[in-house]
Amino acid sequence: MASSSLINFNLFPSKPLHHHLIQTSKPLLSSSLFNSPSLSSINHRFRPTTSTTYPLLSFHSAPKLLFHVRAQKEYSAGDPSQTQEDFSWSSVIFPFLFPALGGLLFGYDIGATSGATISLQSPELSGITWFNLSAIQLGLVVSGSLYGALFGSLLSYAIADFLGRKRQLITASLLYLLGGAITAYAPELSVLLAGRLLYGLGIGLAMHGAPLYIAETCPSKIRGTLVSLKELFIVLGILLGYFVGSFQISEVGGWRFMYGFSAPVAVLMGLGMWALPPSPRWLLLRAVQGKGSFQELKEKAIFSLSKLRGRPPGDKESERQIEETLGSMKSAYADQESEGSFLEVFQGPNLKAFVIGGGLVLFQQITGQPSVLYYAGSILQSAGFSAAADATKVSVIIGIFKLLMTWVAVLKVDDLGRRPLLIGGVSGIALSLVLLSAYYKFLGGFPVVAVAALLLYVGSYQISFGPISWLMVSEIFPIRTRGRGISLAVLTNFASNAVVTFAFSPLKELLGAENLFLLFGAIALVSLLFIIFSVPETKGLSLEEIESKILN
């Protein structure tokens, strides 16, 4: 999920959620916290002159910078005044990197499981006496983390706004660490399955918390790039899992090392998140909701914003910025309950946001991502590629191609916008599925058609549904319901992934490969219509402008 919905060929489809931030800058976290008539004048006064770096988790101002991005954006359609903010890429590296490690560890599990299941079942190389696993037992090993991720998504719905983005990601890192370590040292199958479940809980929390933290703390001008870059980290994790598996596949007990390798990365993620400040947006939301001392939460928000922008603690610019945005937030919620009801996500503008975000991650899965990759090996073999005889090499080849195409999306998402990439990519997915159906139906003598269709599918997915779905999910929900809304989107993604995975075999037997791909192609056309008529363009808008101009 999300994973991008990157999957272990033949074994474990999973997405994310994928997952990946570049958009216009505004006051709080480079983005106005709420649309307000007074923002225009605020922006004129806000001209940061100091650029920042993060010297190894030490947060302080750095007058010299390597690279500047100047973000300009109108605050309201009726006000031509603009604001601009200077920032260096070095100031956003760590607030992006450590949450993104949660995505890398999700991808790593997909890649590592590919080799670990082979090692685990080998009489000579498993190093255990219980290597003779039944089909059901093997299925539980492969999908154990998926079940954990489903439960983690449900858990996020209940606790995300209480824990906050930072503590949620720290919790995810601990679950990654425990899950990886328990799986690696498992003396029997039941212990191994418990470790897989714990690791999956970490996936569910990380795939929810990472896009939230990145979207709420990065400069708006680069929000699209950074959220999409998180998807790149998932692909990198898959490749890392494949490479570790290829080196350990011939070692006795190699599956233990494959799963255990995630533990030190989880430690790095946890320590990094511990050093980062909490999201100022979340702190201000808690203040407005009366969830603690108002003054204390406001001071924490000022301090947090100062660290994120590399300014001295409690500097005047951050203080004035927090005061103004807090005033806008209180005005925006003056006529509403301090905290929305549990089911508020299904009402009004929140429901509209869920239809958009949930619809994208649903179509991301039911257009056949797992099924297409299931056929990758046989398609390449039919075309005469010798590398297809080696499943690990096939996985690496397609993984590298995924990486390259995801990088294209990262580079273009804030230039072209979200809708063009989605429309173009999903159109390519529909065409590739029709070509695959034709290949299995009457073009079997032209394997080049199948190879071209496979690459077209993978490339189209990685510039559209892969990264853009999760970018839209991180942007579209109002701040009051953002935590619960994203948790429902993550749950939708993992649940639909599970349905497609488990329904694939019976559908294949019932319909045949040619008709199954044709069915997926029809679903892709429906998803294209959904995007054209229902999905808005969020390029160039702050999170608060999306809420006020698109949802209301």
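Residue numbering for the sequence shown is 7 to 558, as defined by my numbering. By construction, the Cβ of each residue, glycine as well, lies at the ideal position given by its N, Cα and C atoms.
Would residue i and residue j be called neighbours here (beta carbons separated by less than 8 Å)?
i      : j      : result
ALA519 : ALA436 : no
GLY266 : ALA187 : yes
ALA501 : LEU156 : yes
SER162 : LEU211 : yes
GLY365 : PHE536 : yes
TRP261 : SER132 : yes
GLN174 : ALA164 : no
ILE308 : SER324 : yes
LEU181 : LEU195 : no
GLY215 : ARG171 : yes
LEU110 : LEU245 : no
PHE369 : SER533 : yes
GLN371 : ASN521 : no
LEU441 : VAL455 : yes
GLU543 : GLY423 : yes
GLY117 : GLY247 : yes
LYS304 : LEU274 : no
SER268 : TYR463 : no
ILE209 : SER151 : yes
VAL148 : THR119 : yes
MET264 : PHE112 : no
VAL351 : ARG490 : yes
TRP413 : LEU277 : no
ASN356 : PRO484 : yes
ALA281 : ILE482 : no
ARG425 : VAL541 : yes
SER480 : ILE492 : yes
PRO283 : LEU242 : no
LEU146 : LEU107 : no
GLY451 : MET411 : no
LEU427 : LYS418 : yes
For residue i, count the other beta carbons within 10 Å of its own beta carbon; 16 or more makes it buried, fewer makes it exposed. Which is it?
i      : result
ARG292 : buried
GLY320 : exposed
ASP85  : Here ASP85 scores only 35 on pLDDT, less than 50, and its place in the model is too uncertain to base an answer on.
GLY374 : buried
ALA415 : buried
ILE406 : exposed
LEU169 : buried
THR135 : exposed
TYR445 : buried
VAL197 : exposed
PRO270 : exposed
LEU549 : buried
GLU551 : buried
LYS322 : exposed
ASP420 : buried
LYS336 : exposed
ILE538 : exposed
LEU35  : Caution is warranted here: a pLDDT of 41 is assigned to LEU35, below 50, making its placement in the model unreliable, and the coordinate value is therefore given only provisionally. By the 10 Å Cβ count, LEU35 comes out buried.
LEU311 : buried
PHE508 : exposed
GLU329 : exposed
GLY121 : buried
GLN327 : buried
ILE124 : buried
TYR2   : Here the chain has residues from 7 to 558 only, and residue 2 is not among them.
ASN138 : exposed
PHE253 : exposed
GLY158 : buried
LEU516 : exposed
VAL378 : buried
VAL233 : buried
ILE142 : exposed
Give, in chain order, every unbroken run of the alpha helix (DSSP H) that is at least 4 residues long and sits entirely within the segment 482-529.
488-517
Quick test of the definition: if touching needs 3 or more C-beta pairs under 8 Å, does the segment 459-476 touch the segment 427-439?
yes
Measuring CB atoms only, is the segment 213-227 touching the segment 100-115, in the sense that at least three cross pairs come out at less than 8 Å?
yes
Between the segment 540-557 and the segment 443-459, can you find at least three pairs of beta-carbon atoms closer than 8 Å?
no
Would you mind listing the beta strand (DSSP E) stretches within the segment 400-438 that are 3+ residues and don't spill past its ends, in chain order?
none
Enumerated in chain order, which unbroken segments of the alpha helix (DSSP H) with a length of 4 residues or greater are wholly contained in the segment 258-321?
260-266, 268-281, 286-294 and 300-314
Mind pulling the beta strand (DSSP E) runs of 3 or more residues that sit fully within the segment 105-136?
none
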